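Enquirer:
As structure tokens, then:
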């Protein structure tokens, strides 16, 4: 699970993203899918930049809050400004990306968002990322330690 966030003036706005993926190394691009009905995404898109926090397996409450319609999604979390765009990055995440908006592709009732990574930092090797599968949270456990 990831949180995508931006600043609207001085106020942070954000949403939970379950479908997040790497697109390209050169240039560095990431992607995610979001429903066209998302009012949070419409506001983030208008800023032209966003921060991505890859949530840790310890951040289930954060994920739930950002997936909800509560007014202050950042309540209970500390965030820091991303180094390039100033977008919010949530403390405690496994990794952070600071992105500018590259493009938005129409995809039925969703859009596919592509962001150009301006900054990337992996913060925590002590915990895994938070996963969401079949209606519940989980974590990754390797089936094999052999390299393919």
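Residue numbers (full-length UniProt numbering): 1 to 148. Each residue gets a CB set at the ideal place from its N, CA and C atoms; glycine is no exception. Values in this document were obtained by computation on a predicted structure and should not be read as measured data.
1. What number of angstroms, rounded off, separates the C-alpha of residue 53 from the C-alpha of residue 69?
2. Does residue 40 pass the burial test, meaning 16 or more other C-beta atoms within 10 Å, or should it be called exposed?
3. Is it buried or exposed, residue 125, if we count other Cβ atoms within 10 angstroms and call 16 or more buried?
4. Roughly how many whole angstroms lie between the Cα atoms of residue 155 and residue 97?
5. So, with DSSP's three-state summary, where would you put residue 78?
6. Per DSSP, what kind of secondary structure is residue 156 in: helix, strand or coil?
7. Does DSSP put residue 8 in a helix, in a strand, or in coil?
8. Residues in its own chain within less than 6 Å of residue 132 by CB, not counting five upstream and five downstream?
9. In this structure, how does DSSP classify residue 26 when only helix, strand and coil are distinguished?
10. Determine whether the beta carbon atoms of residue 50 and residue 99 lie at a separation below 7 Å.
11. Can you list, in chain order, the residues of its chain with a C-beta nearer than 7 Å to that of residue 12? Leave out the 5 residues immediately preceding and following it.
12. Could you tell me whether the Cβ atoms of residue 42 and residue 110 are closer together than 7 Å?
13. Give me the Cα-Cα distance between residue 29 and residue 45, rounded to the nearest whole angstrom.
14. Helix, strand or coil for residue 103? Go by DSSP, reduced to three states.
15. Where does the unbroken beta strand (DSSP E) through residue 53 begin, and where does it stop?
Expert: Put simply:
1. 19 Å
2. buried
3. exposed
4. The shown model of the chain, from 1 to 148, leaves out residue 155, and the question about it has no answer.
5. coil
6. Look at the range of the chain in this structure, 1 to 148, and you will see that residue 156 is not part of it.
7. It is a strand residue.
8. 1 and 18
9. coil
10. Cβ atoms of residue 50 and residue 99: closer than 7 Å.
11. 5, 74, 79 and 88
12. no
13. Straight-line Cα distance between these residues: approximately 16 Å.
14. In the structure shown, residue 103 sits in a strand (DSSP, three-state: E or B).
15. Boundaries of the beta strand (DSSP E) harbouring residue 53: 49 to 54, taken from the DSSP string.
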